[in-house]
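Chemist: Residue numbers (UniProt numbering), protein chains in the order written: chain A, 1 to 252; chain B, 1 to 252.
Glycine is no exception: its CB is placed at the ideal position from the N, C-alpha and C atoms.
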DNA sequence: CGACGTCAAACTGCATGCAATTGGAGCGCC
DNA sequence: GGCGCTCCAATTGCATGCAGTTTGACGTCG
């Protein structure tokens, strides 16, 4: 497989892109929890740029679904609903099946070594924090996507994987993703063997089980807006009462 | 199926969003051909906003892959390579199979009526321009995605469908997508019957045949950068000569 | 005639400034 | 104490201004 020219879409060294990367990482490592406020001034000051740039960066992250942006309101780290989390995983399964289908039997020795090295790193990180483990596991999948040389696929897999990361921080039990490392190894092995059918099945099962381990129940553990929880009950009362409920919810 | 609350990610009535929508439509209707220049000043003046806003809009469209943005250079409508076009269609097939899988047997009568009405509109538009036909065909798929009530799926299907639209304007023969209307009807019928397997197969075949009809050959008809065409030959000459070639290419 | 160097216009990258909106603290009323 | 009102600090929405970069036109020279 001839190497395609490097992506035109690759993120340049703009200040905007730098801030995007930093925030993305902070979000997926849960340094910024879902719901955390992201005022433009504060970001600008923190990164040594003007509000204009911070604003632009927030716009990009909103396009990726990592940040929620509402007119005249402070941007916040996205808080996906449980259903959205499930949807994201469903999409991710299909995309990553596509990835391994394209990759099966087409990896160079160097690429396989790179993948193995990454999983080794995951192994070594088992003692560390949960956040780092999750990030490394996610990066394994993104590394796979990169090997397809398809910029579009890379972009979508990355985005949806980051979103899944985000939901893991909302809904998962701690230490829920550690045993997935063996599954990563199995996937590499099947890719190397070129067993297209098997590797698609492995990937499907892998992601599905991560999702099922993580998205334990439609009732989130923490961080969910009271407003969302109460939403289904809103139909039962008059709209005036609902407004009051929301005030209370926001306060709590 | 209970209706989920409307998406938080829906585009607000920002000036930025307005410009995005306008440009998106102009691009997929080929009013703006791939490679067309999009200077911030001109956009700002045309839409009655400042450069800041135009710039922000371009950033969003770049994130969607409709626009190419390079540092210190005028933004241009994206010119996907043939391979990228093929990749986009592959991704689209998987995503839309997911859509119809979720939808099979779960559509209300009203929704089926809406879909049929849309296809009727496609039928009526057969006499009109190619661009309108393509736009309507694309919107049919996006309408389907909307019915899943999954904002993420809507976003990805929309994006990738727009990208495919874009590539059609680059690589397809004229009048290549007309006979697809019957396939749309067949898909609606299978959805209504709730035949999950069949409808996934239909969608797969539908998109695959559109792609095959459209992406006729790795040699594009027009609009492709001379630079890309000459790239494979560049290895034959010294790198100094290549630089000169590129100068010539850019000029022509 | 074509290659090369120079320069001004065009354009982008980014910061700053101002008007408009929000939200929440404080205060009076029931 | 709870509810509603007013008002101000915090924050966003957007335009403008300035500095740096690119483009391509022009003049010069081989």
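Just the chain A side, please: which residues come within less than 9 Å of residue 65/B by C-beta, in chain order?
Modeler: Along the second chain, one-based indexing puts residue 65/B at 65. Simply 9, 151, 152 and 155.
Chemist: Among the candidates 182/B, 121/B, 152/B and 124/B, whose CA atom is the shortest distance from the CA of residue 62/A?
Modeler: As a position in the first chain, residue 62/A is number 62, starting the count at 1. Residue 152/B is the option with its Cα nearest to residue 62/A.
Chemist: Please go through the same chain and pick out, in chain order, the residues whose beta-carbon is closer than 7 Å to the beta-carbon of residue 50/A, but skip the five residues on each side of it.
Modeler: Mapped onto the first chain, residue 50/A falls at position 50. Correct list, in chain order: 44.
Chemist: Give me the chain B residues within the contact set of residue 59/A, using Cβ-Cβ distance strictly less than 9 Å, ordered along the chain.
Modeler: In the first chain, residue 59/A corresponds to position 59, counting from 1. Within 9 Å Cβ-Cβ: 16, 56, 59, 60 and 63.
Chemist: Would you please state the rounded distance, in angstroms, between the beta carbons of residue 181/A and residue 119/A? I believe it to be under 8 Å.
Modeler: Position 181 of the first chain, counted from the first residue, corresponds to residue 181/A. Position 119 of the first chain, counted from the first residue, corresponds to residue 119/A. Contact flag correct, Cβ pair sits at about 6 Å.
Chemist: Could you tell me which chain B residues have their CB closer than 8 Å to the CB of residue 94/A, listed as they occur along the chain?
Modeler: Within the first chain, numbered from 1, the residue matching residue 94/A stands at position 94. Here the neighbours are 94, 95, 97 and 98.
Chemist: Give the residues of chain B in contact with residue 201/A, contact being defined as C-beta atoms less than 9 Å apart.
Modeler: The residue you call residue 201/A lines up with position 201 of the first chain. The contacting residues do not exist; residue 201/A stays about 16 Å from chain B at best.
Chemist: Tell me the start and end of each unbroken beta strand (DSSP E) in the segment 115-183 of chain A that is at least 3 residues and wholly inside, in chain order.
Modeler: none
Chemist: Answer yes or no: does any C-beta atom of chain A fall closer than 8 Å to that of residue 84/B?
Modeler: Along the second chain, read from residue 1 onward, the residue named residue 84/B stands at position 84. Chain A, which has a Cβ nearer than 8 Å to the Cβ of residue 84/B, makes this yes.
Chemist: Using a Cβ-Cβ cutoff of less than 6 Å, which residues in the same chain neighbour residue 80/A once the five nearest sequence positions on both sides are dropped?
Modeler: For the purposes of this step, residue 80/A is taken as the residue at position 80 of the first chain. 167, listed in sequence order.
Chemist: What distance in whole Å lies between the Cβ atoms of residue 141/A and residue 96/A, which are believed to be in contact at a cut-off of 8 Å?
Modeler: Within the first chain, the letter at position 96 stands for residue 96/A. Within the first chain, the letter at position 141 stands for residue 141/A. That belief holds up - the Cβ atoms of residue 96/A and residue 141/A are roughly 6 Å apart, short of 8 Å.
Chemist: Just reading off the beta strand (DSSP E) that residue 77/A is part of, what are its end residues?
Modeler: Here residue 77/A refers to the residue found at position 77 when the first chain is read from its first residue. Residue 77/A -> beta strand (DSSP E) spans 75-77.
Chemist: Give a yes or no on whether 8 Å exceeds the smallest Cβ distance from residue 41/B to chain A.
Modeler: Within the second chain, the letter at position 41 stands for residue 41/B. With 8 Å as the cut-off, residue 41/B does not count as an interface residue toward chain A.
Chemist: Measuring alpha carbon to alpha carbon, tell me which residue in 18/B, 107/B and 85/B is nearest residue 196/B.
Modeler: As a first step, residue 196/B must be located in the second chain, where it is residue number 196. Looking at the Cα atoms, 107/B is the closest of the given residues.
Chemist: Given this structure, state the Cα-to-Cα distance separating residue 125/A from residue 26/B, to the nearest angstrom.
Modeler: Within the first chain, the letter at position 125 stands for residue 125/A. Within the second chain, the letter at position 26 stands for residue 26/B. About 49 Å.
Chemist: In whole angstroms, what separates the C-alpha of residue 188/B from that of residue 112/B?
Modeler: Here the question's residue 188/B lines up with position 188 in the second chain. Here the question's residue 112/B lines up with position 112 in the second chain. When rounded, the distance between both Cα atoms is 7 Å.
Chemist: Looking at the structure shown, is residue 38/B part of a helix, part of a strand, or coil, going by DSSP?
Modeler: Here residue 38/B refers to the residue found at position 38 of the second chain. Residue 38/B falls in the strand class under three-state DSSP.
Chemist: For the putative contact between residue 92/A and residue 160/A, defined by C-beta atoms under 8 Å, what is the C-beta separation to the nearest angstrom?
Modeler: To locate residue 92/A, count along the first chain from 1; it is residue 92. To locate residue 160/A, count along the first chain from 1; it is residue 160. Sure, about 5 Å apart at Cβ, within 8 Å.
Chemist: Any beta carbon from chain A within less than 8 Å of residue 24/B's own beta carbon?
Modeler: Walking along the second chain from the start, residue 24/B turns up at place 24. Not one chain A Cβ lies under 8 Å of residue 24/B.
Chemist: In angstroms with no decimal places, state the Cα-to-Cα distance between residue 72/A and residue 155/B.
Modeler: For the purposes of this step, residue 72/A is taken as residue 72 along the first chain, with counting starting at 1. For the purposes of this step, residue 155/B is taken as residue 155 along the second chain, with counting starting at 1. Taking the straight line from one Cα to the other gives about 23 Å.
Chemist: So, with DSSP's three-state summary, where would you put residue 20/A?
Modeler: In the first chain, the residue the question calls residue 20/A occupies position 20. Of the three classes helix, strand and coil, the one that applies to residue 20/A here is helix, per DSSP.
Chemist: With DSSP as the reference, identify every bridge partner of residue 68/A, one or two as the case may be.
Modeler: In the first chain, the residue the question calls residue 68/A occupies position 68. 76/A.
Chemist: Roughly how many whole angstroms lie between the Cα atoms of residue 16/A and residue 53/A?
Modeler: Counted from its first residue, the first chain places residue 16/A at position 16. Counted from its first residue, the first chain places residue 53/A at position 53. Whole-angstrom Cα-Cα distance: 6 Å.
Chemist: Is any beta-carbon of chain A found at less than 8 Å from that of residue 91/B?
Modeler: Locating residue 91/B in the second chain gives position 91, counting from the first residue. Yes, because at least one Cβ of chain A sits closer than 8 Å to the Cβ of residue 91/B.
Chemist: Taking the continuous alpha helix (DSSP H) assigned at residue 81/A, which residues delimit it?
Modeler: In the first chain, counting from the first residue as 1, residue 81/A sits at position 81. Note, residue 81/A: premise wrong, no alpha helix (DSSP H); not H, not E.
Chemist: So, residue 171/B versus residue 64/B, is the Cβ gap smaller than 8 Å?
Modeler: Locating residue 171/B in the second chain gives position 171, where the first residue counts as 1. Locating residue 64/B in the second chain gives position 64, where the first residue counts as 1. Result no, Cβ atoms of residue 171/B and residue 64/B do not sit closer than 8 Å.
Chemist: Could you say which of 199/B, 56/B and 129/B lies nearest to residue 169/B if we only look at CA atoms?
Modeler: Start at 1 with the first residue of the second chain, and residue 169/B comes out as number 169. For the options 199/B, 56/B and 129/B, the alpha carbon positioned closest to that of residue 169/B is the one of 129/B.
Chemist: What residue range is occupied by the uninterrupted alpha helix (DSSP H) comprising residue 50/B?
Modeler: Counting from one through the second chain, the residue named residue 50/B turns up at place 50. Taken as a continuous stretch (DSSP letters only), residue 50/B belongs to no alpha helix (DSSP H), as it is neither H nor E.
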